[in-house]
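Peer 1: Take this structure, written in structure tokens, and hold onto it; I'll ask about it next.
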Amino acid sequence: MSIDLDQLRTDFANTPLDEADREEVLHLLLRERREGDADLLRHLLAQETAAHREGWGVSEALTLAALLVAESGREEDVWALWDAKNASFDTMAGLDGFLLFPAGIAGTTAHVIAQEQHPDRTDLMTYMAEYLGYEKLTDEDIREHVAGLRSHFEN
Numbered sequence: 021m022s023i024d025l026d027q028l029r030t031d032f033a034n035t036p037l038d039e040a041d042r043e044e045v046l047h048l049l050l051r052e053r054r055e056g057d058a059d060l061l062r063h064l065l066a067q068e069t070a071a072h073r074e075g076w077g078v079s080e081a082l083t084l085a086a087l088l089v090a091e092s093g094r095e096e097d098v099w100a101l102w103d104a105k106n107a108s109f110d111t112m113a114g115l116d117g118f119l120l121f122p123a124g125i126a127g128t129t130a131h132v133i134a135q136e137q138h139p140d141r142t143d144l145m146t147y148m149a150e151y152l153g154y155e156k157l158t159d160e161d162i163r164e165h166v167a168g169l170r171s172h173f174e175n
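Residues 21 to 175 in this note's numbering are what the sequence shown spells out, letter by letter.
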């Protein structure tokens, strides 16, 4: 399938995409992402997450989808990223924890803390605290990791 990215941007919810199509779209978005692509990116991440609940390993498409969502910088995307990380044993081990801080450490952490009714809040807070305690990351470290992952996909 040759992807019409402009068409997909307006009707992604009604466009069936298989694994190869999603990967193609994600690589197109890596190069041609627009400000208004956040919903499309979250949709693709959700599809990749669902596919990984049924399979093994961690695909490049899931990692790329998580990267692009994290780069959007929206604190509320932490939940979709956490869902992706928890899709399977392999995704928990294979998706980098630094992707869980789309709005930086303080912004994302404050958002999670404020979501008292969210069913994943406690587990995510525990993971974030342990991850930051172990890795000793700063926002600059996270930006460098994200840039390095982007560079991997661009090359």
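For glycine and all other residues, C-beta sits at the position ideal for the given N, C-alpha and C.
Small disclaimer: the values here were computed from a predicted structure and weren't measured.
#1: With DSSP collapsed to three states, give me the class of residue 34.
#2: Whole angstroms are fine: how far does the CA of residue 133 sit from the CA of residue 122?
#3: Locate the alpha helix (DSSP H) running through residue 171, then write down its first and last residues.
#4: Could you check how far apart the C-beta atoms of residue 151 and residue 117 are, in whole angstroms? I think they sit under 8 Å.
#5: Which of helix, strand or coil does DSSP assign to residue 64?
#6: In its own chain, which residues sit with a C-beta less than 7 Å from the C-beta of residue 86, not counting the 5 before and 5 after it?
#7: Taking 8 Å as the cut-off, does the stretch 56–70 touch the stretch 30–45 (at least 3 CB pairs, one atom from each stretch)?
#8: Give, in chain order, every unbroken run of the beta strand (DSSP E) that is at least 3 residues long and sits entirely within the stretch 82–162.
#9: So residue 78 is in the alpha helix (DSSP H); what residue range does that whole segment cover?
#10: Do residue 50 and residue 173 have their C-beta atoms within less than 7 Å of each other?
#11: Kindly indicate which residue of 148, 164 and 40 has the alpha-carbon position closest to the one of residue 81.
#12: What residue range does the alpha helix (DSSP H) around residue 42 cover?
Peer 2: According to the structure shown:
#1: DSSP places residue 34 in helix when its eight states are reduced to three.
#2: Taken atom to atom, the span from the alpha-carbon of residue 122 to that of residue 133 is near 15 Å.
#3: Looking at the DSSP string, the run of the alpha helix (DSSP H) that includes residue 171 is 159–174.
#4: That belief holds up - the Cβ atoms of residue 151 and residue 117 are roughly 4 Å apart, short of 8 Å.
#5: Helix.
#6: Taken in chain order, the residues that qualify are 65, 101, 104, 115 and 119.
#7: Taking 8 Å as the limit for Cβ pairs, the verdict is that the stretch 56–70 does touch the stretch 30–45.
#8: Complete beta strand (DSSP E) runs here, min 3: none at all.
#9: Note, residue 78: premise wrong, no alpha helix (DSSP H); not H, not E.
#10: In contact: residue 50 and residue 173 (Cβ atoms closer than 7 Å).
#11: Ranked by Cα distance from residue 81, the first of 148, 164 and 40 is 40.
#12: Its alpha helix (DSSP H) spans residues 39–52.
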